[in-house]
Amino acid sequence: MFSYAFMRYAFLASTFIAITCGVVGVYVVARNFSFLAHTLSEIGFAGAAFAVFAGIQPLWGMLIFTLLGALGVGELSKRTDQKESSISAVSALFIGLGVLFLAISGSNSRYATSILFGSIIGVDRQGVTQLIVLSIVVLAITAAIVHPLNFDSFDHIGAAAHHINSAWIGVVFLLLMAMSVSIGSQVVGSLLVFILLTLPASTAQYLGRTIGSMIIWSVSLALIGVWAGLYLGYLTNLPVTFFISIIEVAIYLGVYLTHLARK
Amino acid sequence: MEDILTVSNLTMHFENKDLFDDLSFSLPEGSMTALLGANGTGKTTMVNILLGMQTPTNGSVKFAKGAKVGYVPQFRNIDEDYPLSIRSFIELNAPFFKRRSKHIRRHINHILKDTNLTKIQNTRMGEASGGQKQRAYLAQALLDHPDIIILDEATASLDPMAKEELMTLIQHLNHKHKMTVFFVTHDIPLAKKYMKNYLLLKNKSVQFGKIEDLQEEAIG
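So this is what it looks like as C-alpha cells:
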C-alpha cells in the first residue's frame with residue numbers, strides 16, 4: 197500500500213489532521229461548540245466553492261471564509277440571546293453562497309463532491325506540506341495559550357474570577373477552530389469535518405478524567421479512525437470518509453452505552 | 006492588628022439605582038467577617054468591586070501590601086457529565102506545564118488534605134456531592150496562597166451536614182493559616198456560629214460590629 201506515493205501522502209496528511217482535530221476537539225466539546233463546528237464546516241464549503249470560482253486553491257478559500265465566518269459568528273452570538281438561531285442563519289447564508297459559487301464557476305459535480313466529502317487520495321506533495329505547516333501552527337498556538345484556554349474552557353466562572361480574558365481567549369479559539377475545520381476538510385470533506393472535531397473528543401470525555409488524558413484519547417481515536425479509514429478505503433475502493441464516520445460513530449456509541457450501563 | 010482591607014468612601018450608583026453611598030469599613034488581618042444584607046442591597050456588587058471586576062462610582066479599595074486574595078464564586082456550571090476529576094479541576098488554577106513539578110504537586114496534595122478531598126481526588130467533579138464540589142472550589146482558590154478569602158454564598162445550596170463541614174474547614178484555615186475570611190451569606194444562624202464580626206448592608210450604608218451583638222430584625 198505504501199509503495200504508492202499518494203497513499204504515503206494521504207497517511208502523512210491525515211495523521212497531522214487527526215492530531216490537530218483531536219486536540220482542538222477536546223476544547224470544542226468542553227466549550228459546547230459542536231454546533232458551531234458544524235456551521236464552520238458549511239462556511240468552509242462556501243469558501244472552497246468560492247476558491248474554485250476565483251481560481252485559487254480550495255484550502256485558501258476555506259481558510260479565508262472560515263476565519264471571517266468564525267469572527268462573524270463569534271460577534272453575532274455575543275450580541276444576541278438567540279445564539280443557535282443566529283448560527284443557523286449564518287449557516288444557511290453560506291450554504292446558499294456555496295451553491296451559487298459552484299454554479300457560476302461552471303465546475304463539474306465531481307468537484308463539488310470532493311469538497312463536500314473529501315478527497316484525501318488526491319492530496320499531492322505540496323498539499324501535504326501545507327497541511328503539516330498549518331497543523332503545526334494550530335498546535336503551537338494552542339500550546340501557547342494552554343493555561344487560560346484550559347481554565348476558560350473547563351471552568352469559565354473560575355477563570356473569570358482569576359481575571360483571565362475570556363473574550364480574547366474566545367476569539368483566538370474560534371480562529372483555531374476555523375483553521376482546524378479547513379485542515380480537517382481535506383480528509384473527510386467539509387460536510388463531515390465536524391466528525392473529527394467532535395466525536396473523538398466526546399468519546400474522550402467518558403474515558404479521561406484529566407485534560408491530558410482526554411487529549412491523548414481524543415487524538416488516538418481520531419488517528420484510529422483516519423488510519424483504519426484509509427486502509428479500508430484502499431482495500432475496498434469505497435469512500436474513506438464513509439469508513440471514518442462509521443468507525444468514530446461506532447466507538448462513540450460503544451463507549452457511551454458502556455458508560456450508561458455502568459451508571 | 007493591621008488591616009488587610011480598607012474600603013473608603015465607597016459609592017456605587019447605577020443609572021436607575023443608587024446602591025450605596027459613601028461606605029467605609031476595614032477588615033483586620035486574620036478576622037472572620039460575614040457580609041449580610043437583604044436581596045438587592047449590593048452584596049455581590051461589593052464583592053465584584055473588591056475583586057476589581059466592577060469599578061465603583063467613587064471611593065477606594067485597598068488591600069494590605071502584598072496581600073493575596075482568594076475568591077470562591079457563587080455559581081459554577083458543573084453538570085453531571087462534567088468530565089474532570091476533582092484534582093484536575095483544582096489544577097486548572099496551576100500553570101499547565103508546571104503542574105507536574107514537585108513543588109506544585111506537594112502544594113496540591115497539601116490542599117487536598119486540608120480540604121478533606123485526598124481520598125476522592127480522582128472522582129469526577131460531575132459525580133461529586135454538593136459539599137465535595139464546594140470544597141473543591143475552595144481548594145482551587147487556596148492554590149493562590151491567599152491571605153484573605155472571599156466566599157460568595159458558599160453554603161447556599163448545601164445540606165446541613167455539608168454546611169457544617171465546610172464552615173469547620175473555613176474555621177480551620179483561619180486558625181491554622183491566619184487566613185482572613187470574608188463570608189457573604191444569607192444564613193444568619195450559620196454566620197452567628199462561625200463568624201466573629203459582621204458587616205450589614207442596609208439603606209445604602211453599612212453597619213458593623215461583633216456578630217454576637219447582631220439583631221436578626223436589623224437585617225430586614
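From first to last, the protein sequence lines stand for chains A and B.
Under my numbering, read the first sequence as residues 197 to 459, first letter to last.
Under my numbering, read the second sequence as residues 6 to 225, first letter to last.
From the three backbone atoms N, C-alpha and C, an ideal C-beta is built for every residue, glycine too.
Since the structure is predicted, the reported quantities are computational estimates derived from the model, not experimental observations.
Cβ pair residue i, residue j closer than 8 Å
i	j	result
residue 216 of chain B	residue 202 of chain B	yes
residue 72 of chain B	residue 153 of chain B	yes
residue 410 of chain A	residue 400 of chain A	yes
residue 241 of chain A	residue 435 of chain A	no
residue 25 of chain B	residue 16 of chain B	yes
residue 422 of chain A	residue 199 of chain A	no
residue 213 of chain B	residue 206 of chain B	no
residue 157 of chain B	residue 52 of chain B	yes
residue 233 of chain A	residue 426 of chain A	no
residue 199 of chain B	residue 176 of chain B	yes
residue 344 of chain A	residue 328 of chain A	no
residue 405 of chain A	residue 129 of chain B	yes
residue 89 of chain B	residue 188 of chain B	no
residue 23 of chain B	residue 209 of chain B	yes
residue 346 of chain A	residue 101 of chain B	yes
residue 388 of chain A	residue 309 of chain A	no
Same chain, Cβ closer than 7 Å to residue i, neighbours up to 5 away in sequence not counted
i	result
residue 391 of chain A	384, 440, 441 and 444
residue 371 of chain A	263 and 266
residue 170 of chain B	136
residue 415 of chain A	214, 215, 218 and 219
residue 326 of chain A	255
residue 168 of chain B	160 and 195
residue 430 of chain A	197 and 203
residue 84 of chain B	131
residue 236 of chain A	262, 265, 266, 373, 374 and 377
residue 246 of chain A	257, 261 and 297
residue 150 of chain B	73
residue 59 of chain B	50 and 53
residue 123 of chain B	117
residue 394 of chain A	221, 224, 225, 230 and 233
residue 424 of chain A	439 and 443
Close Cβ partners of residue i (< 8 Å) along its chain, the five nearest in sequence each way excluded
i	result
residue 247 of chain B	This structure leaves residue 247 of chain B out entirely; chain B is present only between 6 and 225.
residue 248 of chain A	254, 257, 297, 298, 301, 303, 307 and 311
residue 56 of chain B	74, 76 and 155
residue 362 of chain A	348, 352, 355 and 356
residue 110 of chain B	104
residue 14 of chain B	27, 28, 29, 63, 64 and 65
residue 323 of chain A	205, 209, 255 and 382
Minimum C-alpha distance to residue i - residue among the options
i	options	result
residue 283 of chain A	A:231, A:310, A:347 and A:431	A:231
residue 451 of chain A	A:459, A:422, A:403 and A:347	A:403
residue 293 of chain A	A:243, A:252, A:336 and A:309	A:243
residue 349 of chain A	A:368, A:412 and A:333	A:368
residue 166 of chain B	B:195, B:183, B:191 and B:157	B:195
residue 181 of chain B	B:35, B:191, B:198 and B:149	B:35
residue 61 of chain B	B:146, B:69 and B:49	B:49
residue 342 of chain A	A:407, A:376, A:375 and A:448	A:407
residue 87 of chain B	B:134, B:19 and B:112	B:134
residue 223 of chain A	A:339, A:324, A:252 and A:201	A:339
residue 79 of chain B	B:183, B:163 and B:197	B:163
residue 9 of chain B	B:65, B:190 and B:33	B:33
residue 81 of chain B	B:6, B:147 and B:138	B:138
residue 1 of chain B	B:92, B:191 and B:115	Nothing in the structure corresponds to residue 1 of chain B, since chain B is present only between 6 and 225.
residue 446 of chain A	A:398, A:269 and A:331	A:398
Residues bridged to residue i [DSSP beta-bridge criterion]
i	result
residue 38 of chain B	B:187 and B:202
residue 63 of chain B	B:16
residue 104 of chain B	According to DSSP, residue 104 of chain B bridges with nothing at all.
residue 11 of chain B	B:31 and B:67
residue 210 of chain B	B:207
residue 90 of chain B	B:129
residue 157 of chain B	B:189
residue 25 of chain B	B:17
residue 215 of chain B	B:202
residue 74 of chain B	B:153
Sequence-distant residues of its chain with Cβ nearer than 6 Å to residue i (five each side left out)
i	result
residue 238 of chain A	287, 290 and 291
residue 213 of chain A	379, 380 and 383
residue 145 of chain B	95 and 98
residue 211 of chain B	28, 30 and 204
residue 259 of chain A	378
residue 179 of chain B	37 and 186
residue 6 of chain B	33 and 34
Cβ-heavy atom distance, residue i to the ligand SAH, below 7 Å
i	result
residue 459 of chain A	Absence of the ligand SAH from the depicted structure is noted, as is the absence of any ligand whatsoever, leaving it without description.
Chain C within 8 Å of residue i, Cβ atoms only
i	result
residue 203 of chain B	Note that chain C does not occur in the displayed structure, where the protein chains are A and B.
- In the segment 210 to 267 of chain A, which residue ranges form an unbroken alpha helix (DSSP H) of at least 4 residues, counting only runs that do not cross its ends? Fully enclosed alpha helix (DSSP H) runs of 4 or longer: 230 to 250.
- Query: Quick one: complete alpha helix (DSSP H) runs, 4+ long, within the segment 333 to 405 of chain A?
  - Reply: If only complete runs of 4 or more residues are kept, the segment 333 to 405 of chain A shows the alpha helix (DSSP H) at 342 to 350, 352 to 357, 362 to 384 and 389 to 403, in order along the chain.
- Task: Just list the beta strand (DSSP E) runs in the segment 272 to 299 of chain A, keeping only unbroken ones of 3 residues or longer that don't cross its boundaries, in chain order.
- Result: Scanning the segment 272 to 299 of chain A from its first residue to its last, no whole beta strand (DSSP E) run of 3-plus residues comes out.
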